[in-house]
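Undergrad:
Protein chains in written order, with the numbering used here: chain A, 830 to 1249; chain B, 830 to 1249.
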């Protein structure tokens, strides 16, 4: 678990974009936007008495877009939600943790459909408008009797986002939620979200669940585009362990209750919406990285001077994913050679003699050669709860940032005893 | 450290290929072939009083071929050896552990060249015929005063391969060496080798050093080809941690002292040579996998029924590299869903409903669905020191095997304190 002091986010507190104002909302979450309600219950799916079944519901029908796992083994709730979202509409999401409902065949699909039906009945909508999200152990059937009994216990409220945030946690040690208020050209709207990590996390959507909500009225074409862009700079730049799961899903629902004119691509409002959505997703992505399984440190790798954005992204992701880099940072070991080795194997064209490497503000390599530095100061950087790594390739102008966490003995302990 | 019982290799003890006979030599190594001598000394490069500087020398000039790291950051000894091997000839290799001489700029190149000169002087050959191999920490200069003082202490002998095997170890807990005797069409020759792991190991030559020797006379064109093929089924199918180093090198030297007619591609002798070389490399690769940093188990993943060899290889390598699979096997946790998730994200086209999954001889998934099995028997398989995983994709006829090890708390401990 990483404590992230508020001061690191001070520069996000107020961001001015054109005529827009974007402010983080204190204790914001997935129900901060108007008309969204949520709730959760401890249905008994997880072993301990913890929230594990939840519901998100919008008082008005939503335009909805999502990105799904790239894993070719797709969990039943992913198959079902993917199919239902072809309509571009949804009104509710039923969520469980403790069981992924993956590798469960036809029975799994029937169970996911029944979960949606139960939820639809509870809130009085058509099952076709309900999406399903599951996370947990792969290969076990959903305990439907617990879900049937539990779903009626869920009480929805405008403050229920916090419960939902806890209900989707698996090995997460902290809930991940936030919201921003946006004011642009006389319109005001809110974007909020909730996410979970914290293992099987790797680029290509990371492995995670994320539900985003907004009361803005958003054109569905732009909504898709904005989600893809936001995910590219946030969840797709997070790596915990190189594994990706069959259950990944990032969903956004826009219910239009803010009453603004529909936001269309290319407009001033679209720019503000994109920036706000990026901030929400980056905030959640960093929380996921910092709360990776067994993590004690957040690692932030920024590659600059790359010939292209694609190469900057690849290099940053490779370094932040390297088990050897992660283990060294865990131990506060100033083994910067591993960072050089990782960028060298990333597949990005690098020129060794042009590379500058920084740990925090301390330059340890200039033009590919070690430079002398204060070891005491470097150990200070490495012992911090956030370790920034800066790689200047000096080949171009593109920059990208990726986030991850250190690799600890505890990661192994958690993952060698997940089922037993 | 993994103890590999001899019985697992019984099926390799005698292999009949066409008219050929291939036998593993007891206590064989890199100096088993005629005319190869080696030796090592404790020069003080490693912290403890351990062998860390060695020399391999052939009494007759050799045809030589090598494969080098694909990392774009290349260590000085790699740059030097790669350039010298353009001639296709070599007679000696000087080796050190404890310092990789990587990221050391012009000084590193000068140091590598001096190391070759010192060795050449000692054995009375031209420096151009001497290759250099280094392994250890990246970014530190070679302690040349120790190397200058140590090189004269190395005493070559026909039994010195065992010393050399220990001199190239870093975090390896066991030396890795073997040799086979080949008899084909009236000719007899030996192929031997020595290798080291055991971190920064991943396909694309793994991260390793391997020196192979043979007294066969081999056409240089075929030697290149045979090495590439052998590496493809051995070192390129080993993964410890997904990292690759700037120092990887697999070298083969053929001195012709067996007096056979030159082995040319397509001949009966070439078939026997290839099979023998494959066996030597697979043996060494498995030793590297089983002795991965912190490893307590060797994992062998065989993917069959793939549409192509490339896809079989990719799927096997992805599963054996998955941190979550590795951690589960470390803990003896029967979390087979992670194997399904790993093959699903491998990029190989799989059809979930066709996959059969075996742990040892126990089928846990048939046609994509969990099947009931004896948990007691499965825990028995998982508690063994070798854990075989079999994935039948049922899409084609191609098969490939990859090797790796479990992920333990000790791996993290080793790698979080490598320099400190």
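We treat Cβ as the ideally placed atom computed from N, Cα and C, and that holds for glycine. Just so you know, these numbers come straight off a predicted model, no measurement behind them.
Check the Cβ-Cβ distances between residue 967 (chain B) and every residue of chain A, and say whether any is below 7 Å.
TA: The residue given as residue 967 (chain B) occupies position 138 in the second chain. So, interface residue.
Undergrad: Using the beta-carbon of each residue, which ones in chain C are nearer than 9 Å to residue 1237 (chain A)?
TA: Protein chains A and B are contained in the structure displayed, whereas chain C is not.
Undergrad: Which residue marks the beginning of the beta strand (DSSP E) containing residue 964 (chain A), and which one marks its end?
TA: Stepping through the first chain from its first residue, residue 964 (chain A) is reached at position 135. DSSP places residue 964 (chain A) inside the beta strand (DSSP E), whose first and last residues are 959-966.
Undergrad: Give a yes or no on whether the minimum CB-CB distance between residue 902 (chain B) and chain A is below 7 Å.
TA: Position 73 of the second chain, counted from the start, is the residue given in the question as residue 902 (chain B). Residue contact with chain A for residue 902 (chain B): present (Cβ-Cβ distance below 7 Å to some residue of chain A).
Undergrad: In three-state terms, what does DSSP make of residue 918 (chain B)?
TA: Mapped onto the second chain, residue 918 (chain B) falls at position 89. Reduced to three states, the DSSP call for residue 918 (chain B) is strand.
Undergrad: Please say whether residue 878 (chain A) and residue 926 (chain A) have beta carbons closer to each other than 7 Å?
TA: Locating residue 926 (chain A) in the first chain gives position 97, counting from the first residue. Locating residue 878 (chain A) in the first chain gives position 49, counting from the first residue. Result no, Cβ atoms of residue 926 (chain A) and residue 878 (chain A) do not sit closer than 7 Å.
Undergrad: Within 7 Å (strictly less), CB to CB, does residue 973 (chain A) reach chain B?
TA: Position 144 of the first chain, counted from the first residue, corresponds to residue 973 (chain A). No - not a single Cβ of chain B is within 7 Å of the one on residue 973 (chain A).
Undergrad: Please name the residue or residues paired with residue 1185 (chain A) in a DSSP beta bridge.
TA: Residue 1185 (chain A) sits at position 356 when you count from the first residue of the first chain. The partner list for residue 1185 (chain A) (beta bridge, DSSP) reads A:1221.
Undergrad: Sort B:905, B:1088, B:1230 by Cα distance to residue 1218 (chain B) and report the nearest one.
TA: Locating residue 1218 (chain B) in the second chain gives position 389, counting from the first residue. Considering only alpha carbons, the answer is B:1230.
Undergrad: Any idea if residue 1057 (chain B) is buried or exposed, counting beta-carbon neighbours within 10 angstroms, 16 or more meaning buried?
TA: For the purposes of this step, residue 1057 (chain B) is taken as residue 228 along the second chain, with counting starting at 1. Exposed, by the Cβ-count rule.
Undergrad: State the DSSP-derived secondary structure class of residue 1169 (chain A), mapped to helix, strand or coil.
TA: Here residue 1169 (chain A) is taken as the residue at index 340 of the first chain, counted from 1. Residue 1169 (chain A): helix per DSSP, three-state reduction.
Undergrad: Touching or not, the segment 1193-1206 of chain B and the segment 1230-1244 of chain B, by the rule of three or more beta carbon pairs under 8 Å?
TA: no
Undergrad: Excluding the 5 residues flanking residue 1099 (chain A) on each side, which residues of the same chain have their C-beta closer than 8 Å to its C-beta?
TA: The sequence position of residue 1099 (chain A) within the first chain is 270, counting from 1. 1051, 1055, 1092, 1093, listed in sequence order.
Undergrad: Which first and last residues belong to the alpha helix (DSSP H) in which residue 1110 (chain A) is found?
TA: The sequence position of residue 1110 (chain A) within the first chain is 281, counting from 1. Element bounds for residue 1110 (chain A): 1097-1119.
Undergrad: Any beta carbon from chain B within less than 7 Å of residue 1004 (chain A)'s own beta carbon?
TA: By 1-based counting over the first chain, the position of residue 1004 (chain A) is 175. Closer than 7 Å: no.
Undergrad: Output needed in chain order: residues of the segment 1156-1167 of chain B with a Cβ under 9 Å from some Cβ in chain A.
TA: 1156, 1157, 1158, 1159, 1160, 1161, 1162, 1163, 1164, 1165, 1166, 1167
Undergrad: Note down, in chain order, each residue of its chain lying with its Cβ closer than 7 Å to the Cβ of residue 996 (chain A), except the 5 sequence neighbours on either side.
TA: Here the question's residue 996 (chain A) lines up with position 167 in the first chain. Excluding positions up to five away in sequence, the list reads 869, 880, 881, 882, 883, 924, 926.
Undergrad: Suppose you measure from the CA of residue 993 (chain A) to the CA of residue 1066 (chain A); what does that come to, to the nearest Å?
TA: Counted from its first residue, the first chain places residue 993 (chain A) at position 164. Counted from its first residue, the first chain places residue 1066 (chain A) at position 237. Answer to the nearest angstrom: the Cα atoms are 25 Å apart.
Undergrad: Which bits of chain B does residue 1075 (chain A) rub up against, with CB to CB less than 8 Å?
TA: Indexing the first chain from 1 puts residue 1075 (chain A) at position 246. Those are 1169, 1170, 1173, listed as they occur along chain B.
Undergrad: Which first and last residues belong to the alpha helix (DSSP H) in which residue 865 (chain A) is found?
TA: By one-based count along the first chain, residue 865 (chain A) stands at place 36. Counting along the chain, residue 865 (chain A) falls outside any alpha helix (DSSP H), though it belongs to the beta strand (DSSP E) covering 865-870.
Undergrad: With distance defined between alpha-carbon atoms, name the residue in B:1226, B:1165, B:976 nearest to residue 1208 (chain B).
TA: As a working mapping, residue 1208 (chain B) is identified with position 379 in the second chain. Per the C-alpha coordinates, the member of B:1226, B:1165, B:976 positioned closest to residue 1208 (chain B) is B:1165.
Undergrad: Quick check: is the beta carbon of residue 1179 (chain B) nearer than 7 Å to any beta carbon in chain A?
TA: What you label residue 1179 (chain B) is simply residue 350 of the second chain in a count that begins at 1. Closer than 7 Å: yes.
Undergrad: Going by beta-carbon coordinates alone, are residue 945 (chain B) and residue 966 (chain B) separated by less than 7 Å?
TA: Position 116 of the second chain, counted from the start, is the residue given in the question as residue 945 (chain B). Position 137 of the second chain, counted from the start, is the residue given in the question as residue 966 (chain B). Contact flag unset, no.
Undergrad: If the cut is a Cβ gap below 7 Å, which residues of chain B does residue 941 (chain A) touch?
TA: Taking the first chain and counting its residues from 1, the one referred to as residue 941 (chain A) is at position 112. Listed along chain B is no residue with a C-beta nearer than 7 Å to that of residue 941 (chain A); the closest approach is about 15 Å.
Undergrad: Which first and last residues belong to the beta strand (DSSP E) in which residue 888 (chain A) is found?
TA: Sequence index remark: in the first chain, residue 888 (chain A) carries index 59 (1-based). Unbroken beta strand (DSSP E) run through residue 888 (chain A): 882-897.
Undergrad: With DSSP as the reference, please indicate the residues paired to residue 1022 (chain B) in a beta bridge.
TA: For the purposes of this step, residue 1022 (chain B) is identified with residue 193 of the second chain, where counting begins at 1. Per DSSP, B:1007, B:1041.
Undergrad: In terms of residue numbering, what span does the beta strand (DSSP E) encompassing residue 1093 (chain B) cover?
TA: Sequence index remark: in the second chain, residue 1093 (chain B) carries index 264 (1-based). No residue range can be given for residue 1093 (chain B), since it is assigned to no beta strand (DSSP E) and is classified by DSSP as neither H nor E.
Undergrad: Taking 7 Å as the CB-CB cut-off, is residue 932 (chain A) touching chain B?
TA: As a first step, residue 932 (chain A) must be located in the first chain, where it is residue number 103. Residue contact with chain B for residue 932 (chain A): present (Cβ-Cβ distance below 7 Å to some residue of chain B).
Undergrad: Between the C-alpha atoms of residue 1062 (chain B) and residue 1107 (chain B), what's the straight-line distance to the nearest angstrom?
TA: The residue labelled residue 1062 (chain B) in the question sits at position 233 within the second chain. The residue labelled residue 1107 (chain B) in the question sits at position 278 within the second chain. So the two alpha carbons sit approximately 7 Å from each other.
Undergrad: Along chain A, which residues have their Cβ under 9 Å away from the Cβ of residue 1136 (chain B)?
TA: Locating residue 1136 (chain B) in the second chain gives position 307, counting from the first residue. Per Cβ cutoff of 9 Å: no residues; residue 1136 (chain B) is ~13 Å from chain A at best.
Undergrad: Can you give the Cα-Cα distance for residue 1095 (chain A) and residue 941 (chain B), rounded to whole angstroms?
TA: In the first chain, counting from the first residue as 1, residue 1095 (chain A) sits at position 266. In the second chain, counting from the first residue as 1, residue 941 (chain B) sits at position 112. The C-alpha of residue 1095 (chain A) lies about 58 Å from the C-alpha of residue 941 (chain B).
Undergrad: At least one CB of chain B closer than 7 Å to the CB of residue 1205 (chain A): is that the case?
TA: Here residue 1205 (chain A) is taken as the residue at index 376 of the first chain, counted from 1. Not closer than 7 Å to any Cβ of chain B, the Cβ of residue 1205 (chain A) fails to qualify, so no.
Undergrad: Exposed or buried, residue 1045 (chain A), counting other C-beta atoms within 10 Å across all chains shown (16 or more means buried)?
TA: Numbered from 1 along the first chain, position 216 holds the residue referred to as residue 1045 (chain A). So residue 1045 (chain A) ends up on the buried side.
Undergrad: Given a cut-off of 7 Å on the beta-carbon distance, is the pair residue 1227 (chain B) and residue 1135 (chain B) in contact?
TA: To locate residue 1227 (chain B), count along the second chain from 1; it is residue 398. To locate residue 1135 (chain B), count along the second chain from 1; it is residue 306. Yes. Within cutoff.
Undergrad: With a threshold of 7 Å between beta-carbons, can residue 1032 (chain B) be considered close to chain A, or not?
TA: Numbered from 1 along the second chain, position 203 holds the residue referred to as residue 1032 (chain B). The pLDDT assigned to residue 1032 (chain B) is 48, lower than 50, so where the model puts this residue is not dependable, and the model offers no usable value.
Undergrad: Excluding sequence positions up to five away, which residues of its chain have a Cβ less than 7 Å from the Cβ of residue 1285 (chain B)?
TA: Residue 1285 (chain B) falls outside the range modelled here, since chain B spans only 830 to 1249, and no answer is possible.
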